[in-house]
Amino acid sequence: MFDPLTAEEWRAVALSLRVSFWATAVSLPLGILVAYALARWRFWGREVLNGLVHLPLILPPVVTGYLLLVTFGRRGSVGAYLDQWFGIVFAFRWTGAALAAAIMAFPLMVRAIRLAIEAVDPRLEQAASTLGAGRVWVFATVTLPLILPGILAGAILAFAKAMGEFGATITFVSNIPGQTQTLPSAIYAALQVPGGETQALRLVLVSITVAMAALLVSEWVSRKVAKRISGA
């Protein structure tokens, strides 16, 4: 039997849930827009956009974290202005962890939503357009209801990915207990202490439980969207 989680471990779990929630919620509108653009629009630079979206999947997470640090750090090209004019600081804050997690999870979100959009018959959207509906109204009344399960699946996958993000997060916001120490960072910290294997295993089990739950829900939602599209 394992001992209950300590107060510090619960803080790491709670912070991971907080970071993952905001990383998913804030990036979801942009994810829908980018997925729709890649699925439906034809424009110059489309392949470049597709490459940029998927770049975090290819780059080492530490590289992504370093790029975030030099861009959004207090002395970074963007971070300096955000701090000076708006008082917004990302580096070494939980908000920075959310930003890093959102960027690392964004490709999975976009891919799931894009597949859902591509599964929708364009003739349904064209039929609504011929009846006088504008592009925004067509999306809201025709496309969105059909891709809603795909959006939910993408959001769940992004949430699970954000829960497990480590490399970019620890590079960008470090590993400060109670402030930026997420669940993966807490596991890493426990493994650096002699005799910390038991603590690390407790946190690993929590991480596996959350990840498996998210994957099972995502799989269930994927089956739902397949049935819904096939029956449309």
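The numbering of the sequence shown is the UniProt record's numbering, which starts it at 1 and goes up by one. Note that CB positions come from ideal geometry on N, CA and C, so glycine has one too. Treat the numbers as computed from the prediction; the structure is a model and nothing was measured.
Quick test of the definition: if touching needs 3 or more C-beta pairs under 8 Å, does the region 51-70 touch the region 121-141?
Remark: fewer than three beta-carbon pairs, one from each stretch, lie closer than 8 Å, so the region 51-70 and the region 121-141 are not flagged as touching.
Could you tell me the distance, in whole angstroms, from the CA atom of E8 to the CA atom of L191?
Distance between the alpha carbons of E8 and L191: 15 Å.
Neighbourhood of I32 by C-beta distance below 8 Å, restricted to the same chain and skipping five residues each side
If we look at I32 and ignore the five residues flanking it on each side, its Cβ neighbours are I113, I151.
How long is the line joining the alpha carbons of A14 and F172, rounded to whole angstroms?
Going by the C-alpha atoms only, they are around 20 Å apart.
In or out: L157 buried (at least 16 other Cβ within 10 Å) or exposed?
When all chains shown are included, L157 counts as buried.
Work out the CA separation of T71 and L99 for me, nearest whole Å.
Using only the alpha carbons, I get a separation of about 12 Å.
Which same chain residues, not among the five before or five after R18, have their C-beta less than 6 Å away from its C-beta?
Shown here for R18: not one same chain residue has a beta carbon closer than 6 Å to its own, the five before and five after excluded.
With DSSP collapsed to three states, give me the class of T180.
In this structure, T180 counts as coil in the three-state DSSP scheme.
Less than 8 Å between the CB atoms is what I'm expecting for residue 282 and A101, so what's the real figure, rounded?
Outside the modelled stretch of the chain, which goes from 1 to 232, sits residue 282, for which no answer is possible.
Find out if the Cβ-Cβ distance for the pair M163, L146 is shorter than 8 Å.
Taking 8 Å as the Cβ cut-off, M163 and L146 do not qualify as a contacting pair.
Nearest neighbour of L68, chosen from W10, V26, W44, A168 [CA to CA]
Looking from the CA of L68, the closest CA among W10, V26, W44, A168 belongs to A168.
Going by DSSP, what residue range makes up the alpha helix (DSSP H) through S129?
Segment 122-130, the alpha helix (DSSP H) holding S129.
Who are the near neighbours of E118 in its chain, counting only those whose CB is closer than 6 Å to its CB and skipping five residues on each side?
Cβ within range, chain order: A39.
Compare the Cα-Cα distances from W85 to each of R74, S207, R93 and report the closest residue.
With distances taken between Cα atoms, W85 lies closest to R74.
Cβ of P29 within 8 Å of Cβ of F106?
Taking 8 Å as the cut-off, the beta carbon of P29 is found no closer than this to the beta carbon of F106.
Please classify S16: is it buried, with 16 or more other beta-carbons within 10 angstroms of its beta-carbon, or exposed?
Residue environment: S16 is assigned as buried (16 or more neighbouring CB atoms within 10 Å of its CB, all protein chains considered).
Minimum C-alpha distance to Y36 - residue among R111, E197, Q126
Ranked by Cα distance from Y36, the first of R111, E197, Q126 is R111.
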